[in-house]
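Notes follow once the structure below has been shown.
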Ligand code: SF4
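Numbering (the numbering used here), first residue to last: 139 to 393.
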């Protein structure tokens, strides 16, 4: 019975102890790398992160500049800003977040495919910025969306945004397919409920707290009205006969 011939270049020395037929051929030598699934997967995600193409205010100009030749966003494979949320995995919230825009921003976030990330760019998106507590401005997009990286400044420079993007890449590299919430069955990845814009902006997740506060306010109002009515009767009796309609009453007065 003949022995199985080893694969390889004739005349090349076979390593001692190697099983016949199991030697690596010379061609792939130096071209084979061993790595973990997490590492190769995170490398792929971090090096081809596509931002969504939208801007809210002046910070968006700085974001646009990052894509120019001077700052060269394409060095990270990120120069293709997607016009569709379904093809984007990074939302850069660049600008003032008005209450009118929030339902649309949340809707766009819900339409993005997972895994997805949010970068809050500038003082406005981070905390409301110069318009904080304004009647029409939200004090930071993190009131509604899970923000991964904050970039401060008003506006942040393109270099600052680039730094924030590198921090985002670092964060991606710390994640594992075994623990990231997108791949876990025990963690719900429900869409974020759309806030309702009425006289003010309402987060429906606060419904229960709002209902209790409203009930409490209604109770306080009813009690104060009862007190006022009781007090009104007493004072009316003491008022020498004037009714609530301003006419002379039955308990005295001019009659
Ligand atoms: S942080 Fe400053 S530059 Fe950016 S959107 Fe707000 S006001 Fe404009």
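A virtual CB, placed ideally from N, CA and C, is assigned to each residue, including glycine.
On a predicted model such as this, the values are computed, not experimentally measured, just so you know.
Item: Alpha-carbon to alpha-carbon, residue 322 and residue 181; Value: 20 Å
Item: Cβ-based burial, residue 165 [other Cβ within 10 Å; buried from 16]; Value: exposed
Item: Beta-carbon gap between residue 220 and residue 190 smaller than 9 Å; Value: yes
Item: Nearest residue (CA-CA) to residue 268, options 234, 207 and 248; Value: 234
Item: Candidates 363, 314, 290 and 218: closest to residue 175 by CA position; Value: 314
Item: Contact set for residue 215: own chain, Cβ-Cβ below 8 Å, skip 5 residues either direction; Value: 185, 186 and 187
Item: Buried versus exposed, by CB contacts within 10 Å (16 or more), residue 192; Value: buried
Item: Chain-order list of residues whose beta-carbon lies under 7 Å from that of residue 226 (same chain, five-residue window excluded); Value: 188, 189, 190, 220 and 250
Item: Inter-residue spacing [alpha-carbon to alpha-carbon] between residue 293 and residue 360; Value: 49 Å
Item: Closer than 6 Å: residues whose CB approaches a heavy atom of the ligand SF4; Value: 195, 196, 197, 233, 234, 260, 261, 262, 267, 268, 292 and 293
Item: Beta-carbon spacing of residue 286, residue 257 below 9 Å; Value: yes
Item: Euclidean distance between Cα positions of residue 306 and residue 345; Value: 33 Å
Item: For residue 232, the first and last residue of its enclosing beta strand (DSSP E); Value: 228-232
Item: Minimum length 3: unbroken beta strand (DSSP E) runs contained in the region 170-247; Value: 228-232
Item: Per DSSP, cross-strand counterpart(s) of residue 303; Value: Partner(s): none; residue 303 has no beta bridge.
Item: Cut-off 6 Å between Cβ atoms - residues of its own chain near residue 228, not counting five sequence neighbours on either side; Value: 187, 189 and 255
Item: One or two residues paired with residue 258 in a DSSP bridge; Value: 231 and 288
Item: Contact belief for residue 320 with residue 223 at Cβ below 8 Å, rounded distance in angstroms; Value: That belief does not hold up - the Cβ atoms of residue 320 and residue 223 are roughly 16 Å apart, past 8 Å.
Item: For residue 350, three-class secondary structure by DSSP; Value: helix
Item: Check whether residue 276 and residue 259 have beta carbons under 9 Å apart; Value: no
Item: Whether residue 338 touches residue 237 by CB criterion (9 Å); Value: yes
Item: For residue 204, the nearest candidate out of 177, 298, 271 and 273 (CA to CA); Value: 298
Item: Contact belief for residue 324 with residue 333 at Cβ below 8 Å, rounded distance in angstroms; Value: Not really, about 27 Å apart at Cβ, beyond 8 Å.
Item: Three-state secondary structure (DSSP) of residue 273; Value: coil
Item: C-alpha gap between residue 242 and residue 347, whole angstroms; Value: 24 Å
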